[in-house]
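Input: a single structure, listed below in structure tokens.
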Amino acid sequence: MSHDGHHSVVIPAPGPEFQSHTVAHHFDTPVQEFQSAKLGFWLFLATEILLFGGLFAAYFYYHQMYHETFHLGGQQLDWWLGALNTSVLLLSSWTMAMGVRSAQTSQKGKLLMYCGLTVLGAVIFLVIKFFEYKAKNEHGLIEFAHLFDGYNGATGQLSWFTDHDGVMAGVPHGHLFFAIYLTMTAIHGLHVIIGAGLIVWIMKGAAKGRFHAGYYLPVDLVGLYWHLVDLIWIFLFPLLYLVS
Amino acid sequence: MFVNLFQDPVNAAQGVAESVPQNPHAPAQTIDAWGQLPKLASTFGDVDGLFYFTYAVCIFFFVLIFAALLYSVIKWHRKTYDQPAASNVTHNTPLEVVWTVIPLIIVMVMFAWGFKGSLDMTNVPHGARQYKATAKQWNWTFSYPNDPVQSYGELWLEVGKPASFLLESTDVLHAFYMPSMRVKRDVVPGRYQKVWFQPIEKGEYHLFCAEYCGDDHSKMYAKVHVVDAVEYAKRPWDQWDDNNPAKGGESRYKALCSSCHSLDGTPLTGPSWKGLFVKDASGAIVGGQRDVFVGGVKETITVDDAYIIESIKNPEAKKAAGHEKNAMTAFPNLPDREIHGIIEFMKTLAGK
Amino acid sequence: MTTNVPAVDTHVAEPTSGRKNFLNCSSGFMSWAGTLDHKRIGLMYLVGVSIAFLCGGLFALLVRLHLWSPEGALFANADYNQIFTLHGAFMVFLFVIPAIPGSLGNMVLPLMLGAKDVALPRLNLLSFYLWCSGAVMATLAIILGGFDTGWTFYAPYSIYTDKAVVSIGLGIFLLGFSSIFTGLNFIVTVHKLRAPGLTWFRMPLFVWALYATSILQVLATPVLGITVLLVAFERLYNIGIFDPRLGGDPVLFEHFFWFYSHPAVYIMVLPAFGIVSELVSVHSRKPLFGYKLIAFSSLAIAIISFLVWGHHMFTSGQSTYAMFAFSFLTFFVAIPTAIKEFSWVATIWKGSIALNSPMLYTLAFLIIFAIGGLTGVILGALNVDIHLHDTYFVVAHFHYVMMGSIALAFFAGLHHWWPKMFGVMYNETLAKIACGIIFIGFNTTFLPQFIMGSRGMPRRYATYVPEYAPYHHASTIGAVILGLGIALMVYYLVASLFSGKRAMQNQWGGVTLDWHTPTPPPLENFDHSPSVTTEVYDYSVLDLETTRTPAS
Amino acid sequence: MSASNDNAGHGHTASGHDAHGHGELQMGHHHVSSSAMFLNVLIALLILTAITVGASRIDFGSANLLIAMAIASVKASLVIAFFMHVKWDTAINKIVFLSSFLFLSLLFIFTLADQATRRMDDQALTTKTPVDKQWVHPSTLAEQKQ
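Just so you know, the protein sequences line up as chains E, P, B and S, in that order.
The opening position of the first sequence corresponds to residue 1 in my numbering, with each subsequent residue numbered one higher.
The opening position of the second sequence corresponds to residue 245 in my numbering, with each subsequent residue numbered one higher.
The opening position of the third sequence corresponds to residue 597 in my numbering, with each subsequent residue numbered one higher.
The opening position of the fourth sequence corresponds to residue 1149 in my numbering, with each subsequent residue numbered one higher.
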């Protein structure tokens, strides 16, 4: 596709360490480009909310149905680690917000630093998550090695939920809490990984000087995505770890 | 029908035993003669009333729209390429209000009527007989009140007596659908469902499974006999005759086995029963030869009663060659006399 | 800091003869596969959804032929179940949902707005490729053993069956995101790329309809995405959310599924409404009657459609209280829909009605949709629905809406914009004949289904009790006629690309912006950035000469 | 830019606004928040997290879930309003994002209401029935042994 560029709008770089940005051919002004992309991204975030919403609806549905299972299940999770992870994500959300601010004010070094800190937050979060999963694995609440083995209709053994300490004995369908826990945190974790990847991509662009006061759209959008990841965790934390 | 709408919502809602509704409608045959619904055989006549009322409304509006279109096309079709429209009116507020409000009123009437009718369907009258229908891929089993004998694929009800069904599925979703009674209820695995109706006409009716449930969904059928009190008192569902076990066996075959096992050698999900038992040179009935897999090892066995009993109770033990990958539903609780009857029925097939 | 922001496009028009248009401006595989042009993407969608439609139609014919005899004429039950599932899944997910927005919407929406492209062209191409990968996954599922769950994927059968449900589930997930991105793109385009002077109430109604559709696509589809993912997880690692063996509730699946799939019905039908609104006005050469009410009714339908999903579940085992609420709310959808139908008829009334093929398809739509919509009202009533649910009555009703209405509106739009897209005209005589055959074939197929349905014939039956045989015979004969009509349509449309007459600049005499650009449109749509000064559908400004000037 | 569009107000471009120095007018009227405000929000969020944990240690009966959700909503609002800049965003962006919560609440309300009213309902019995290929939870096996 060739677009004749003679009526393209160019946003000049604010300094030699930055690059100028060319507005896409079908937009008349940079404002139009910025606002279109931003509206599009908000719509995308709305779909993310509804996607997770299905999982939350399932959570509330079974919480209503199997009170005790969820109560007991919640006690098997380490609320201390959950709170730590919440704080890590909140901190990383703050560094991301500061990162966007640095882009808005053409502070290249700070942008790189804050993005780096945010990625560090993502890594710490995932490491803590890994240890949590590991503990669940050891107690037979979620046995990852047997996750896909199905279950045996004759013996009634669910391969990934053996509960060898019997902590969920006495409540109906104890695996349901852990199934929902695993599904929700795994999909959330996937978002953390994607978000961290996007921030690394932003850092690559930032190092080249692509983002500055005149053009910081991708930083803004990735920032929004990262805040959404945080937002979902804000609800996941009390629902999964503090459920009573 | 309109009068019904404003009567006491439903007597049964108060659980008054003697208020079991009598059929307030014209004889079912007259509805059937011109109607688009099957013969009505229960007290849920509101369904028919509302259906035909809505139908009439629909036909009225359809004719209105169709006539307006036809008239316009004939009267105002474009004769020259530059013919302008006969009018350029862009709106008419009173008209638009009218065609917003009138449909609104009509649909609210429909809602109220449907709501009232479904209340009748919801509230089971006291004194209704408690039946149980168990749905399973792909057959129906019926239990009768205070009666140990179940029936398969056929159901008997007494005319005029409200019947309440507890519905239970042991595998996937099914639906209990009797068109003539105007009732339908999904049978949800994992919890009970309930449905009730009062048959008011003697006769034979269809019971379909209306919720898709797999391969033989369309064969998941039961025949419902609505009989009078005298006939019902004879417990016609208990058809077991110890003097003729093969007859009982045949009925069990039809209810439980026929969807997977043919009698004439046609390959279905399971092996055909043809040749299970054969006649030897002297005409005596003896077991045939079968290739089976035992623990993955193929061997040839001679069919005998023990093999049949094992195959019914624990089908995984010996798998017929050619069908070793297909799982059969086990029937560990089938009464011995019924298994015996099935074996007797199998033996009648010898030599055919 | 200074920037060069031209207020008005200063692009100089090229000479009109032998001019470049979006079709011939570049060639080669990559010029299409990598294109960011909304018109080319629209054309690729058109090819894709047409293939899906023909596949789905073929499955439909097999279904109908099989049902010729009560024992089933062609297949074993299990194979029949796969074929009707394929028919449903192909038609719903690969054809009806993406058809109008993806092809005609992509093609026309930016033109109607006076924009150079959709707001996010790369996302537009991505949604096309997501559609393609969804189609590939669906085809892969057929190869991997097919799927026999019905297009609704009801748990727990979809969890227990040994067919390739995971594959088709992921396919639907991808198709869902294709649909979301198209909708997202359209919303942004409508908000941000309207031409100067094109206020909200000067937008053509096709744009309004696509806008309402897009809201539904964005807000409802994610729930379908998570639902199919959860079914896939059930099959992969037995989470137990929908599996009653593990304490799950199959009714929750139905809630999730219909939370999407009821709005999805309007995702399918609203664009069709938009096309019809457009066409009745152009071909009657008369302003649309009740423009604002139609515009608002599209939004009203979009909102109300989120409140009524439970009417698919009246027999499912949800609580009686929920049933009452859903039934009550359901009836409110009838009102905006009725308003639309009445307004269309009032537009035609005292018009200057051109009986060309797009208009014939539109009239066929109006008649068929009247039946489809009105029978929907019958199904809204609680106790009547209990009798009719999951019978052929429902099958007939939704085919009147989906096939009879949506597909016919799609055909109408295709015939309407065909000369715009390609600059050629198909054979009008054949088009009128085909429209007649399709209309007759369609009604012969589905009217008998109303009767057998209300008489108790359940749907998804491979075999049936013999008393329904006469209706099935009529229906099968109708399906063959319908198939012939569609084959004829495909023939003359394809033939027109090779030997069609040159179309006119403004073939039908439209006044919306899509007819203000050269035919076929150039790469960036307009030689001069357009601005709008007149009200919408004001035919007093129509330059009749453009309807007699051959396309460049 | 056209006068009809939502962003019509931002149609005037950079010339004459250079004094702001940050060039945010290139991108529309963008608010650049102060670092101090971000820090305050972060501190508030961390305090609220501590309160959530604390509140969950106390038994309020069934109100615990409500309290936890209320605090989470406040935290979410802070993130949305300040970190995500929604407070200074355009009306349409606010509407889009908030409507996702509105429509999500429809899914919650109807689904949960159905479940909650079933136990009052004669037809949709909540009594559990056995399903074929019965799956017995290992803990129930353990229970039987005792």
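Glycine residues also receive a C-beta, built at the ideal position from the N, C-alpha and C atoms.
query	result
Please look up how many angstroms separate the CB atoms of threonine 933 of chain B and isoleucine 897 of chain B, rounded, as I've assumed it's under 8 Å.	7 Å
Given a cut-off of 8 Å on the beta-carbon distance, is the pair valine 819 of chain B and phenylalanine 855 of chain B in contact?	yes
Using 10 angstroms around the beta-carbon of methionine 365 of chain P, count the other beta-carbons present and answer buried if the total reaches 16, otherwise exposed.	buried
Would you please verify whether the beta carbon of alanine 918 of chain B is less than 8 Å from any beta carbon of chain S?	yes
Compute the Euclidean distance between the alpha carbons of leucine 417 of chain P and alanine 285 of chain P, then round it to the nearest angstrom.	26 Å
Find the nearest neighbour of lysine 208 of chain E within the set E:Gly15, E:Ser8, E:Gly40, judged by alpha-carbon distance.	E:Gly15
Can you tell me where the alpha helix (DSSP H) holding proline 954 of chain B begins and where it ends?	953-976
Taking the runs of the alpha helix (DSSP H) that are 4 residues or longer, which of them lie wholly in the segment 85-147 of chain E?	108-138
Select from B:Val761, B:Leu842, B:Leu884 the residue whose C-alpha is nearest the C-alpha of arginine 831 of chain B.	B:Val761
Does any residue of chain E have a CB that is nearer than 8 Å to the CB of asparagine 834 of chain B?	yes
Do phenylalanine 161 of chain E and histidine 175 of chain E have their C-beta atoms within less than 8 Å of each other?	yes
Less than 7 Å between C-beta atoms, sequence neighbours within five positions excluded: which residues of the same chain meet that for glutamine 19 of chain E?	Ala13, Lys208, Gly209, Arg210
Can we say the segment 369-376 of chain P touches the segment 981-995 of chain B, given the rule of at least three CB pairs closer than 8 Å?	no
Can you give me the C-alpha to C-alpha distance between proline 954 of chain B and phenylalanine 1245 of chain S, rounded to a whole angstrom?	40 Å
Would you report the Cα separation of leucine 1140 of chain B and lysine 1097 of chain B, rounded to the nearest angstrom?	20 Å
Please decide whether leucine 1246 of chain S counts as near chain B, where near means a Cβ-Cβ distance under 8 Å.	no
For histidine 858 of chain B, would you say it is in contact with chain P, using Cβ-to-Cβ distances shorter than 8 Å as the test?	no
According to DSSP, is lysine 616 of chain B part of a helix, a strand, or is it coil?	coil
Name the chain B residues whose beta carbon is nearer than 7 Å to that of alanine 419 of chain P?	Thr911, Asp986
Under the three-state reduction of DSSP, which class applies to tyrosine 1022 of chain B: helix, strand or coil?	coil
Near glycine 223 of chain E, what residues of its chain come up, given a Cβ to Cβ distance below 6 Å and the 5 sequence neighbours on each side ignored?	Met96, Val100
Quick one: which chain P residues come within Cβ less than 7 Å of tyrosine 1067 of chain B?	Ordered by position in chain P, no residue passes the 7 Å Cβ test against tyrosine 1067 of chain B, which lies about 11 Å from the chain.
Beta-carbon within less than 7 Å of phenylalanine 852 of chain B's beta-carbon, same chain only, minus the 5 sequence neighbours each way: which residues are those?	Val819, Thr823
According to DSSP, is glycine 447 of chain P part of a helix, a strand, or is it coil?	strand
Which whole runs of the alpha helix (DSSP H) in the segment 445-483 of chain P are 4 residues long or more, in chain order?	473-477
For arginine 426 of chain P and glutamine 437 of chain P, which I take to be in contact (beta-carbon distance under 8 Å), what is that distance rounded to the nearest angstrom?	Arginine 426 of chain P to glutamine 437 of chain P, Cβ: 17 Å. No contact.
Chain B partners of histidine 46 of chain E, CB-CB under 8 Å?	The sequence given here has alanine at residue 46 of chain E, not histidine. The contacting residues are Val814, Leu815.
Is it the case that the Cβ atoms of serine 36 of chain E and alanine 715 of chain B are separated by a distance below 8 Å?	yes
Quick one: what does DSSP say phenylalanine 671 of chain B is sitting in, helix, strand or coil?	coil
Can you look up serine 526 of chain P in the DSSP assignment and give me helix, strand or coil?	coil
Give the C-beta separation of isoleucine 935 of chain B and leucine 889 of chain B to the nearest angstrom, bearing in mind that I take them to be a contact with Cβ-Cβ under 8 Å.	6 Å
For proline 932 of chain B, which three-state DSSP category applies?	helix
For the alpha helix (DSSP H) that contains leucine 705 of chain B, what are its first and last residues?	702-709
Tell me where the alpha helix (DSSP H) around leucine 1260 of chain S begins and ends.	1239-1266
Can you pull the chain S residues whose beta carbon is under 9 Å from the beta carbon of leucine 903 of chain B, in chain order?	Leu1254, Phe1258
So which residues of chain E does lysine 1223 of chain S contact, with C-beta pairs closer than 7 Å?	Ile234
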